[in-house]
Amino acid sequence: YDEDLERWMRQDLDKQRREKEREKERSKLVQEEVSRIQDRVRQRRDNERQRFAEERKRDVELAKAKTQAKKAETDRAISKAWIEYEARWATFMTLKNEPVSFSTIPWPLLIPPTCTDDISPDDIDAFVLSSSHSQEQTRKDRLRSALLQWHPDRFRRILSRVPVQERDDVMEGVGIVVRCLNALMARE
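The letter at position 55 of the sequence shown is residue 204 when you use our numbering, and the numbering goes up by one with no holes.
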């Protein structure tokens, strides 16, 4: 009986040991599976982060390209407007006896004004001192040149060619331009 008991106990211990080993093996397999799942989740998260970062980078580059294209377009428009402005000045000064109206005056603005309310110091500053034209001239030189063009004495001579009903508007517009140019020169 003792032998049987001992054998039975050994078998039971062996069985428990094998069961523990199987449990340990199952636990190890479960742990490995959990680890693989965590690795896949981590990999997926890293891939998502990378994809998001790449999309963000593409969006930033696209926005930058659009901004550069818009700036280039604006620079071209300002440069073209400046060339037209100078050509209009040259023509304007050669017309000695022609009538002059508010709309025929070459105002120093990107968009020609239709009334004095359309003439603003910020727009004059942006146009006259734009880096899109006259790069060979300093800011001060540009302002001096503009002040000579817009000198009130010069416009008093031209005023006689302006229809009476437009004279006040022309003088007010000239005054706005001159005050703006003087203020800009004072800051230089």
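Yeah, the Cβ is synthetic: ideal placement off N, Cα and C, and Gly gets one too.
What you are looking at is a predicted structure, and each value in this text was computed from that prediction instead of being measured.
Leu330 vs Ala295 beta-carbon contact at 8 Å: yes
Cutting at 8 Å between CB atoms, please list the residues of its own chain near Arg123, excluding the five before and the five after it. Because the chain in this structure spans residues 150 to 337, residue 123 falls outside the shown range and cannot be described.
Below 8 Å on the Cβ atoms is my contact criterion, and I expect Pro257 with Tyr234 to pass it. Report the Cβ-Cβ distance as a whole number of Å. 7 Å
Could you give the residue range of the alpha helix (DSSP H) that holds Thr223? Where Thr223 is concerned, the enclosing alpha helix (DSSP H) stretches over 151 to 243.
Do Asp290 and Leu333 have their CB atoms nearer than 8 Å? No, the pair does not count as a contact, with Cβ atoms beyond the cut-off.
I'd like to know if the segment 320 to 329 and the segment 260 to 269 are in contact, where contact means that at least 3 CB-CB pairs between them fall below 8 Å. yes
Where Leu211 and Ala221 are concerned, what is the direct C-alpha to C-alpha distance, given to the nearest angstrom? 15 Å
DSSP state of Cys329 mapped onto helix, strand, coil: helix
What is the DSSP secondary structure of Ile307, reduced to helix, strand or coil? helix
According to DSSP, is Leu258 helix, strand or coil? Here Leu258 sits in coil by DSSP.
Where does Ile273 sit, in a helix, a strand or coil, going by DSSP? helix
The segment 282 to 289 / the segment 223 to 234 touching (three or more Cβ pairs under 8 Å): The answer is yes - the segment 223 to 234 touches the segment 282 to 289, with three or more Cβ pairs under 8 Å.
Residues in the same chain with beta-carbon distance under 6 Å from Leu278, minus the five sequence neighbours each way, listed in chain order, please. Arg288
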